[in-house]
Amino acid sequence: MRTLFRNGRILDPSQELDIVGSVMLEDGQIIDLGADIDEEDADEVYDCTGLWIAPGLVDMHAHLREPGQERRETIRTGTQAAAAGGFTTVCCMPNTSPALDNPAIIDFILDKAASPDSGGVFVQPIGALTKGQKGEQIADLAALKQAGVAAVSDEGCPIQESNLMMRAMEFALQLDLPIMVHCEDRSLSQGGAMNEGMVSAMLGVPGIPRSAEEIMIMRNCVLALNTGCRIHIMRVTTWGGVEMIRQFKYLGAPVTCEVTPHHLTLTDESIGEFNPNFKTTPPLRTSVDLDILQQALSDGTIDVIASDHSPYAPFEVHVPFEEAPNGMSTLEATVGVVLTHLTHKGVLTPLQTIEKLSTAPAQILGLAAGTLQPDRTPVAQITVIDPNVEWKFDAHRTFSKGKNSPFDGWNLLGKAVLTYCGTEVYRDPFFSDERYEA
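Last residue of the sequence shown: 478 (my numbering), numbering continuous.
This is how it looks when you write it as structure tokens:
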């Protein structure tokens, strides 16, 4: 069976490709693409005129919560949300209950993701760096890699002891396994609920100083430089952190980093009347930080945009601000927020946008994704984006169980309207029936 994505703007950073053309698939695999594709043999056709045809998006930092926290999210609902958001690969973090620290739980994740009930996208587990994520004993990293993890992480439970972190990096280096690091000095952040500054003082809320993040960025970059272990810094939020990463990249440290859509568009002033949907870790910073983050994203210092999708059950969020959990439900809003506030404002070009959301995360983790090149992925992974559709994000009409989104009610320009992962896994109502022929 032949499937044709016709007459769209093909954006593939892996080939430095930005042309108007078509992509031909046969039995769920890409076989050809370009400006001159023979359309006569196609059994089904997606008319992508005026739309972008991009490699399936890759979210390298999301929380699917299963096992143990199914009240917040499940692999089924999380992958459905990922498909609706345009993601064909989603990397799930290890801070579940129990933690993803052994091969049996990795097998459980992969089996669940392959279920017909799930969203039809790839789930890439990220293993726990220490046993039970207690920060005491390094997990069996070799067994985790053999089970299928693409990286290991201390997400949610940052290792405070530097000697342990150095030994973990030495082990990971031998396995060529990147470490995704959550940078937080808890002796400085403990008790805080938002960014420490004028706004926290005005609201009377205990603050988290930027130094809590920056000290750990510095430590982890120094260890990476000295050991040679690849590290990926999750959700950098401060201008000081950006400058440190920039300098260590210049020195040759094997460091990459990511930023989230909320840290690119929101500040501590957004908290307003103590809205718990705006509470996250690291906290929302200032407008100065936001400007520097956007500049660093544009110049390549920041490699990736990741959702940091962190859903919670409503009863967990509807509490006083200081008691609320840290995290935001963002999978289905990420593309719209990025296009509206970065791409359309000239911070990123369309090709850079796809690079940050697809090709770069795939390359960092060594995934068979993030490209439209034939025979480079297990099945065709394609996201069709309408960059000009106007819509309103309604957190209460999403697939995710988590409705704790700061973007609820936002008017957005641009949306993923079709997600294809070996087969069609999501088609948005904005992608009209007139565009599809079978």
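Cβ coordinates follow ideal geometry from the N, Cα and C atoms, glycine included.
Given residue i as reference, the closest of the options once Cα atoms are compared
i, options, result
"N428", "L407, T383, P418", "T383"
"P322", "Y352, I332, S251, V357", "S251"
"A293", "G312, G281, V262", "V262"
"L371", "I77, D58, K289, V98", "V98"
"G96", "Q413, G454, G172", "Q413"
"D348", "G280, P107, H303, V387", "H303"
"T296", "A241, M256, T341", "T341"
"K171", "A123, G159, L184", "L184"
"G107", "Q200, C132, F361, A124", "Contrary to the premise, residue 107 reads as Pro rather than Gly in this sequence. Comparing Cα-Cα distances from P107 to each of Q200, C132, F361, A124, the minimum goes to C132."
"G188", "L405, R116, Q109", "L405"
"V457", "G118, A122, I115", "A122"
"L57", "T411, P246, I145", "T411"
"E505", "D331, E356, M234", "The structure shown does not extend to residue 505, since the chain spans only 41 to 478, so no value can be given for it."
"I178", "I199, I166, Q186", "I199"
"K385", "M368, T326, G454, R416", "G454"
"Q186", "L217, E195, Y352", "L217"
"M238", "I285, I311, F288, R286", "I311"
"L44", "I422, D426, F127", "I422"
"I166", "D52, V282, R105", "R105"
"E12", "T114, Q335, Q109", "Lying outside 41 to 478, the shown extent of the chain, residue 12 is not represented and no answer is given."
C-beta atoms of residue i and residue j nearer than 9 Å
i, j, result
"H103", "R112", "yes"
"L306", "L333", "no"
"A420", "I149", "no"
"D180", "D141", "yes"
"L337", "V299", "yes"
"A153", "V192", "no"
"V424", "I93", "yes"
"D329", "A400", "no"
"T129", "A402", "yes"
"G488", "Q120", "For residue 488 there is no data in the structure shown, the boundaries of the chain being 41 and 478."
"V480", "E79", "Limits of the chain in this structure are 41 at one end and 478 at the other, which puts residue 480 out of reach."
"G118", "P351", "yes"
"P134", "E176", "no"
"V161", "V357", "no"
"D426", "L91", "yes"
"A139", "I146", "no"
"D67", "M41", "yes"
"S54", "R416", "yes"
"F439", "A190", "no"
Own chain partners of residue i with C-beta closer than 8 Å, once the 5 adjacent residues on each side are dropped
i, result
"N47", "V60, G61, S62, D87, C88, T89"
"L452", "A373, G376, V377, L379, T380, E430, W431, K432, F433"
"K174", "C197"
"T267", "M206, M209, E210, L213"
"D157", "R116"
"L17", "Because the chain spans 41 through 478 in this model, residue 17 falls outside it and cannot be assessed."
Cutoff 6 Å; reference residue i; Cβ partners in own chain excluding five residues on either side
i, result
"S155", "none"
"A435", "K443, S445, D448"
"V269", "Correcting the residue identity first, residue 269 is Cys in this sequence and not Val. Within the same chain, C269 has close Cβ partners M209, A212, L213."
"L397", "L97, I345"
"S229", "I248, A252"
"R49", "V60, W92"
"G126", "L97, V375, T423, A456, T459"
Sequence-distant residues of the same chain with beta carbon closer than 7 Å to residue i, five excluded per side
i, result
"R259", "S202"
"E477", "E84, V85"
"A182", "L215"
"G280", "R250, E254"
"P418", "A408"
"G232", "P246, G247, I248"
"E236", "G247, I248, P249"
Test: residue i CB closer than 9 Å to a CB of chain C
i, result
"I50", "In the displayed structure, chain C is absent; only one protein chain is listed."
Exposure of residue i, with buried meaning 16 or more beta-carbon neighbours within 10 Å
i, result
"K441", "buried"
"T463", "exposed"
"Q164", "buried"
"Y460", "buried"
"T389", "exposed"
"R437", "exposed"
"L65", "buried"
"Y290", "exposed"
"P354", "exposed"
"E474", "exposed"
"M256", "buried"
"R116", "buried"
"V359", "exposed"
"S137", "exposed"
"M368", "buried"
"S240", "buried"
"D331", "exposed"
"D151", "exposed"
"R226", "exposed"
_Any contact between the region 313–323 and the region 431–451? By contact I mean 3 or more CB pairs, one from each, below 8 Å._
Judged by Cβ distances under 8 Å, the region 313–323 makes contact with the region 431–451, as three or more pairs qualify.
*Is it true that the region 217–224 meets the region 274–292, where meeting means three or more beta-carbon pairs spaced less than 8 Å apart?*
Note that the region 217–224 touches the region 274–292; at least 3 beta-carbon pairs, one per stretch, sit closer than 8 Å.
*asked:* Quick check: the region 459–472 against the region 393–404, are at least 3 beta-carbon pairs closer than 8 Å?
replied: Cβ pair count under 8 Å is below three, so no.
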